[in-house]
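Here is the structure we will look at, set down as structure tokens.
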Amino acid sequence: MRNIWTILWKDLRLEWRTKESLSAMLVFGLLVIVIFNFSFNPSPAEVRQFGAGLLWIAYTFAGVLGLNRSFAAERENGCLQSLLMAPIDRSSLYLGKWIANLVFMLAAEAVILPLFLLMFNVPIGSHIGRLVLITFLGTLGFTCLGTLFAGVSMNTRMREVLLPVLLFPVSLPLLLWAVESTGAIFQSAFLDPMIAHGQATTAARASDGNALKFLVAYDMIFGAVCTLVFGFVVED
Amino acid sequence: MKSGQLSRVYWGALIVVALAMLVNIYLALAWVQPDAKQGDVGRIFFFHVPGAWVGLLSFLLVSVASIGYLIRRTQSWDRVAVSAAELGVVFITITLITGPIWAKVAWGIWWTWDARLTSTLVLFLLFCGYLMLRRYIPEPSTRAKLSAVVGIVSAVDVPIVFFAIRWWRTQHPQPVIAGEEGSGLGERESIAFFYSFGVFTMLYLVLLLQRVHLARLDDEVEVLKRGRTANGPRAAHAAWLLPFALALGLGVGATPAVAQEPAPNNGSPTESQDVAQLREQLETELRRAKTEADSLEVDRAQLDEKNSRAIRHMMIAYATVWGLIILYLISVSRRQSKLRREIDELSGGR
Amino acid sequence: MSETDDATSATSASDGWAIEVHELRRYFGTIEVLSGIDLKVRQGEFVTLLGRNGAGKTTLLNILGGLLKASEGEAWVQGLDVRRQAVRIRPELGWLSHQPGFYGDLSAHENLVFFARLYDLPDWRRAVEAALEQVGLASRAKHRVRTFSRGMLQRLAIARILVHDPPILLLDEPHTGLDLPAIELLNGLLERFRGERTILMTTHDLAIGASLADRIIVLSEGRIMAELPGSQDVADLRRQYLEILAHEVGA
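Residue numbers (the numbering used here), protein chains in the order written: chain A, 23 to 258; chain B, 1169 to 1518; chain C, 11 to 261.
Next up, the structure:
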């Protein structure tokens, strides 16, 4: 437990010094949103329909940039070896790294999300709580797999290319559920005022099915699996 | 045994499979009556569906071999994993190519984001990622270890992916296609069908053997390049797979004989679960296609026109299937002879 | 210091060997890198491993440190099995290689604090200060490691060992790339550690091997080819070593 915190502290400190991945993630995430706007020039109805997908594209593309950097410091001049020589459990190394990546990605999302809501005039209102929850759960699972695969691709040539190629197909269920429930939230956000004015009925609202439950289950399954197999990635 | 040579048993098996394949082609193209509802294009299924089954089998093998490698740490497990993954890509490609050719005739569209199609595509992408990862790691034991980790994560993930996509499709019901209860396979159809399952499985295992052998040659070259004698953990010769291959092939092929008598549609309890599942899949597929054809009220001339188009499509599909398999065989044997030459050069130079 | 000593005597009381290796084999893929190593190192002994690149020296050290798993055979460090008790072995080990292994954007002090906390030391604050003082880096403690020269980095790596003060040192070509003052400092330190700690060092520098080691072991193609006594004439050692290597090429 203490070791997890020590590793997390180290990663946060390093990032705080350089701000390399955070700034890259932020700028890239915003670029995705801007490009979306130019390519589709969406109306509110279209935002209601496609906004959730866009938001998650911005999150995950930005996230991959950050994840690609997450083992950069360890690779440099043999840090990983000194780290592995220290008496720490491999799972606490993984957990420390995971939480660090989670914090970075959430930090980037904390800027991307409000700007998105603002720029596309999403009347989010009281739904913000649920939106934040979904964002957290989705990011949790994404960084969980992302940290493992960043460790895997760390040892390869072409790691920047390889990480998304490995990560996206595997995290597909997660993205599916996250987009689905975010979409349901946007639907209600846009429709609630209309329902109040009698312009639409509650039947028009989409439900997110069981997506939330599935997200939690997915996070738990892969949290366990990745923690268990990470040892194989760094040791031989 | 000289590991540079494939054993005679292997060549025997290859000939048996080739003959069995000819029989399969005859059964599928001539012996089975054209499907009442969809005509000749339905014959694609005798290649399309077994291809998908073999793709799933590959995935299972990769998972098992990955776990095996992490436990035993012997190179032979890794060879099985890489071979299965590569073959998986070949056979899923077959499925992904023949599927749209059929769909164009039956549904009028090349592609739809239906649950099964999407899942197959994702499986294909997973395999591609796996093989790409392997390409970028030069050191053999690191490569084996890291790809085994990815294999295990995918093993956990693939069922979830399939489930998620199915769930997602029910969220977005499909406009075009709907299933209908009650229709089944004709007697000849189901015999030919299970026969082609058996033959494809055998073909797959024989190809797997060949590919594993290629991987062995690869390792040998590695050893020679490093100028070391390999007294590595003795890798069991993959020939032990052969009887297994034949048994499994025959088993799958023989299933309808057992299943046929009492109730052709329900499947007998002796059927393995995979087969039952596939049979179910196949039945819905056929049902779906038949309904589609049913709903088209066409006169005879139109039907003939449609049929000849269907035959053209089907021929293309066949050409693709065999072209792909033969191309793959050629590529494997070319790689093999290249490695053999390299081995000769390296061992001659010492 | 006294704490680790107690721990040492408790765990290794069984047979008194600091390092014990039995029929150790390791494959990378199908390639055999270690082909049956048998080695016993006494408490407080200084053993130097010689051999050309790829002879398996680093692999052996990595297995003892628990970074690599042995394919076959067994190894014990302080009486602990490297396969099963790696987490308990690591506090007993100090690791120094030609790669410093520090985070460039953290200061020297922060780097040492990070590692000290991983080693779970009771009084890490004082230990870090003392170690920095000992290697003469106290004045640069607040500077980022990225600005350090190669020699300073190696001094910092030595300080990392001093912080947790282990009874066994694994040194993987620690002299590579050092300037003369840094080599002097390192040798002075090794001289001081002699007899006090068990040291297993790989090197290509015969002079250092000859002057410091109690015993010199020559590895070739994953096997122990010869054992030579340490503390002998450098020219003598060079002649013997070349003879062994020539024999290896001829075979």
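Virtual Cβ for every residue (Gly too), placed ideally from N, Cα, C.
Chain-order list of residues whose beta-carbon lies under 8 angstroms from that of residue i (same chain, five-residue window excluded)
| i | result |
| --- | --- |
| Arg97 of chain A | Met176 |
| Ile234 of chain C | Ile47, Asp48, Leu49, Ile227, Val228 |
| Ser230 of chain C | Gly61, Arg62, Ala65, Ile254, Leu255, Glu258 |
| His1216 of chain B | Ile1262, Thr1263, Thr1266, Gly1267, Trp1270, Ala1485 |
Close-in-space but distant-in-sequence residues of the same chain around residue i (CB under 7 angstroms, 5 per side omitted)
| i | result |
| --- | --- |
| Leu1492 of chain B | Val1258, Thr1261, Ile1262 |
| Val1500 of chain B | Gln1378, Arg1379, Leu1382 |
| Glu1510 of chain B | Val1389 |
| Thr69 of chain C | Arg36, Val43, Leu44, Leu78 |
| Val1222 of chain B | Phe1259, Phe1368, Thr1369, Tyr1372 |
Residue i, DSSP secondary structure in three states
| i | result |
| --- | --- |
| Thr1488 of chain B | helix |
| His185 of chain C | coil |
| Arg35 of chain A | helix |
| Thr178 of chain A | coil |
| Ala132 of chain A | helix |
| Asp48 of chain C | strand |
| Pro195 of chain A | helix |
| Gly54 of chain C | coil |
| Pro239 of chain C | strand |
| Trp1278 of chain B | coil |
| Leu60 of chain C | strand |
| Ile41 of chain C | strand |
| Gly89 of chain C | coil |
| Gly83 of chain C | strand |
Beta-carbon neighbours of residue i, restricted to chain D and to distances below 9 angstroms
| i | result |
| --- | --- |
| Trp86 of chain C | No chain D is part of this structure, whose protein chains are labelled A, B and C. |
Sequence-distant residues of the same chain with beta carbon closer than 6 angstroms to residue i, five excluded per side
| i | result |
| --- | --- |
| Pro186 of chain A | Val86 |
| Val1152 of chain B | No answer is possible for residue 1152 of chain B: it lies beyond the span of chain B, which begins at 1169 and ends at 1518. |
Neighbouring residues, chain A, relative to residue i (Cβ below 8 angstroms)
| i | result |
| --- | --- |
| Ile1328 of chain B | Pro195, Tyr240, Ile243 |
| Phe125 of chain C | Ser104, Ala108 |
| Ser1322 of chain B | Val192 |
Host alpha helix (DSSP H) of residue i (start-end)
| i | result |
| --- | --- |
| Val1217 of chain B | 1213 to 1240 |
| Ile57 of chain A | 42 to 62 |
| Pro66 of chain A | 66 to 91 |
| Tyr1363 of chain B | 1355 to 1393 |
| His119 of chain C | 118 to 128 |
| Phe236 of chain A | 233 to 256 |
| Glu1307 of chain B | Where Glu1307 of chain B is concerned, there is no enclosing alpha helix (DSSP H), given that its DSSP letter is neither H nor E. |
| Ser1244 of chain B | 1243 to 1274 |
| Ile103 of chain C | The sequence shown places Leu at residue 103 of chain C, rather than the Ile named in the question. That residue, Leu103 of chain C, is in no alpha helix (DSSP H); its beta strand (DSSP E) goes 103 to 107. |
| Trp134 of chain C | 134 to 144 |
| Leu1187 of chain B | 1176 to 1194 |
Residue range of the beta strand (DSSP E) that includes residue i
| i | result |
| --- | --- |
| Thr208 of chain C | 208 to 212 |
| Lys271 of chain C | Absent from the model: residue 271 of chain C. The displayed extent of chain C is 11 to 261, so no value can be given. |
| Leu105 of chain A | Where Leu105 of chain A is concerned, there is no enclosing beta strand (DSSP E), although the alpha helix (DSSP H) it sits in stretches over 101 to 107. |
| Ala28 of chain C | 27 to 38 |
| Arg225 of chain C | 225 to 230 |
| Glu194 of chain C | From DSSP, Glu194 of chain C is part of no beta strand (DSSP E) but of the alpha helix (DSSP H) over 190 to 203. |
Residue i: contacting residues in chain B (beta-carbon distance under 7 angstroms)
| i | result |
| --- | --- |
| Val187 of chain A | Gly1297, Met1300 |
| Ser230 of chain C | Near Ser230 of chain C there are no residues of chain B at all, since even the closest Cβ is about 12 angstroms away, more than 7 angstroms. |
Cross-chain neighbours of residue i in chain C, by beta carbon under 9 angstroms
| i | result |
| --- | --- |
| Asp1387 of chain B | Gly39, Thr40, Ile41 |
Closer than 8 angstroms at the beta carbon, the chain B residues around residue i
| i | result |
| --- | --- |
| Phe180 of chain A | Phe is not the amino acid found at residue 180 of chain A; the sequence shown has Met there. Near Met180 of chain A (Cβ distances below 8 angstroms), the residues of chain B are Tyr1304. |
| Leu170 of chain A | Val1317, Val1321 |
Interface residues of chain C facing residue i [CB-CB closer than 7 angstroms]
| i | result |
| --- | --- |
| Gln1243 of chain B | Gly39, Thr40 |
| Leu36 of chain A | Tyr113, Asp115, Leu116 |
Proximal residues of chain A, C-beta to C-beta of residue i below 9 angstroms
| i | result |
| --- | --- |
| Val1290 of chain B | Pro191, Leu194 |
| Ser107 of chain C | Gly100, Gln103, Ser104 |
Partners in chain A for residue i, counting only beta-carbon separations shorter than 7 angstroms
| i | result |
| --- | --- |
| Lys1313 of chain B | Phe254, Asp258 |
| Val97 of chain C | Pro109, Asp111 |
Contact set between residue i and chain C, taken where Cβ atoms lie within less than 8 angstroms
| i | result |
| --- | --- |
| Thr40 of chain A | Asp115 |
So, do the segment 118 to 128 of chain A and the segment 164 to 172 of chain A have three or more beta carbon pairs nearer to each other than 8 angstroms?
yes
Is it the case that the segment 1326 to 1339 of chain B contacts the segment 186 to 206 of chain A, given that we only count it when at least three CB pairs across the two stretches are under 8 angstroms?
yes
Any contact of the segment 166 to 183 of chain C with the segment 71 to 79 of chain C, i.e. 3+ C-beta pairs under 8 angstroms?
yes
So, does the segment 1269 to 1280 of chain B touch the segment 130 to 145 of chain A, judging by three or more C-beta pairs under 8 angstroms?
no
Under 8 angstroms, with one C-beta from each stretch per pair, do the segment 194 to 207 of chain C and the segment 40 to 52 of chain C reach the 3-pair mark?
No: the two stretches stay apart, fewer than three of their Cβ pairs being nearer than 8 angstroms.
Could you tell me whether the segment 42 to 59 of chain A touches the segment 75 to 90 of chain A, where touching means 3 or more Cβ pairs closer than 8 angstroms?
yes
Do the segment 1227 to 1243 of chain B and the segment 1176 to 1196 of chain B meet, that is, are 3 or more Cβ pairs less than 8 angstroms apart?
no
Taking three-plus beta-carbon pairs below 8 angstroms as touching, is the segment 236 to 254 of chain C in contact with the segment 211 to 221 of chain C?
yes
Quick test of the definition: if touching needs 3 or more C-beta pairs under 8 angstroms, does the segment 1287 to 1306 of chain B touch the segment 199 to 206 of chain A?
no
For the 8 angstroms Cβ check, are there 3 or more pairs between the segment 1191 to 1200 of chain B and the segment 210 to 223 of chain A?
no
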